[in-house]
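Numbering (our numbering), first residue to last: 2 to 380.
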């Protein structure tokens with residue numbers, strides 16, 4: 002069977018990037034003073050939905066939109082070249098990637114309108130200038146300042162991302178200023194919000210290290226009220242306010258955080274009312290020994306709208322106006338050198354689900370259970 006042209010383009014870009022990085026690697030190894038590092042992550046995952054609870058909608062590779070009961074994807078095939086010291090700094094991440102999310106339909110890694118196609122095979126790319134040791138100004142395509150879960154699967158304690166992560170911005174294009182002094186760090190960015198490409202947003206963060214083991218942060222994003230939805234965010238004018246805590250104690254690492262979402266009314270977009278959603282998540286991991294660890298996540302999200310709300314922005318969590326949901330995820334992980342393998346069990350329970358967009362063939366089931374396995378290596 003002939004490979005689709007879109008897949009060939011992505012693989013060609015990945016191959017070229019790999020050649021360039023491999024060619025540069027010897028120079029990097031011989032010049033540590035330059036501060037240039039090369040990192041990579043390569044992994045694949047299989048995710049199985051049990052009990053017939055597949056998502057009824059959201060998959061772009063099936064005629065009906067119903068998800069497959071079992072999916073196997075390349076989750077990461079990424080190389081990153083970066084320089085984080087000196088006056089001139091930069092970062093470039095190239096490759097293909099997958100965004101599995103609990104409770105939402107999956108798609109192939111190279112599917113149009115999903116995963117790698119959302120942010121291109123160069124999802125992160127920036128250049129920066131540091132006029133002082135405390136200030137860095139960077140421009141390009143950068144990861145959001147919000148949230149406690151990273152962009153790619155290998156950066157997180159779980160294989161699948163969470164329900165709060167699914168509401169947040171992920172990557173945007175803009176200019177960022179970052180200031181750090183002692184225990185304080187602050188950042189301000191003017192960007193295109195939820196990757197709109199047409200409308201501006203302001204994003205900011207302020208954090209403080211209360212001790213060597215604990216930090217707190219507040220992050221916000223405020224897009225223009227008239228920002229229309231796009232393939233990365235159905236509602237893209239939403240303001241988000243994020244409170245984060247990160248702490249370690251012995252073998253424990255904990256990252257609880259809260260998210261408040263506000264989508265203002267806008268007649269041109271069909272948003273007849275101000276709509277709100279809230280969520281809370283507890284992320285944690287426990288190191289059993291040098292090779293085994295256990296990651297976990299418990300979270301709750303809720304639309305403030307009523308089930309009969311007809312405003313086009315009434316559903317900010319993805320299960321219909323007035324809905325709410327819990328998710329539970331457990332991920333034991335084994336690491337040996339650069340290699341890793343991890344299994345995962347996850348469950349999602351929805352209340353006040355809008356029929357047709359839930360689980361099962363008819364989209365009327367309100368719960369889903371999944372098993373996953375991811376294997377790979379990172380360096």
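Using N, Cα and C, we set each Cβ at its ideal position, and we do this for glycine too. Owing to the predicted nature of the structure, the values given are computational and were not obtained by experimental measurement.
- Taking all protein chains shown into account, residue 115 has 16 or more neighbouring C-beta atoms within 10 Å of its C-beta and is therefore buried.
- Residue pairing from DSSP leaves residue 156 without any beta-bridge partner.
- Taking a cut-off of 8 Å for Cβ pairs, the segment 297-317 and the segment 71-87 do not touch, as fewer than three such pairs fall below it.
- For residue 130, the number of other beta carbons within 10 angstroms of its own is below 16, and it is reported as exposed.
- In the structure shown, the three-state DSSP call for residue 166 is helix.
- Residue 73 is bridged by DSSP to 47.
- When rounded, the separation of the alpha-carbon atoms in residue 349 and residue 128 is 40 Å.
- The Cβ-Cβ distance between residue 319 and residue 358 falls below 9 Å.
- Annotation: residue 276 to residue 310 spans about 10 Å, alpha carbon to alpha carbon.
- Inclusion of residue 159 and residue 298 in the CB contact set at 9 Å is warranted, their separation being smaller than that value.
- Membership of residue 91 in the beta strand (DSSP E) is indicated by the continuous run 89-98.
- Around the Cβ of residue 166, a 10 Å sphere holds 16 or more other Cβ atoms; the residue is buried.
- DSSP lists 191, 223 as the beta-bridge partner residues of residue 203.
- For residue 285, the pairing in a beta bridge is given by DSSP as 255, 297.
- In the DSSP assignment, residue 110 falls outside any alpha helix (DSSP H), carrying neither H nor E.
- The closest CA to that of residue 339, considering only 145, 35, 44, is found on 44.
- Where residue 120 is concerned, the enclosing alpha helix (DSSP H) starts and stops at 117-120.
- Between residue 190 and residue 169, the C-beta gap is not smaller than 9 Å, which leaves the two residues out of contact.
- In the structure shown, residue 234 falls within a strand segment according to DSSP collapsed to helix, strand and coil.
- Per DSSP, residue 270 lies in no beta strand (DSSP E) and is assigned neither H nor E.
- In the three-state scheme derived from DSSP, where H, G and I count as helix and E and B as strand, residue 274 is classed as coil.
- Straight-line measurement puts the Cα of residue 46 at about 13 Å from the Cα of residue 153.
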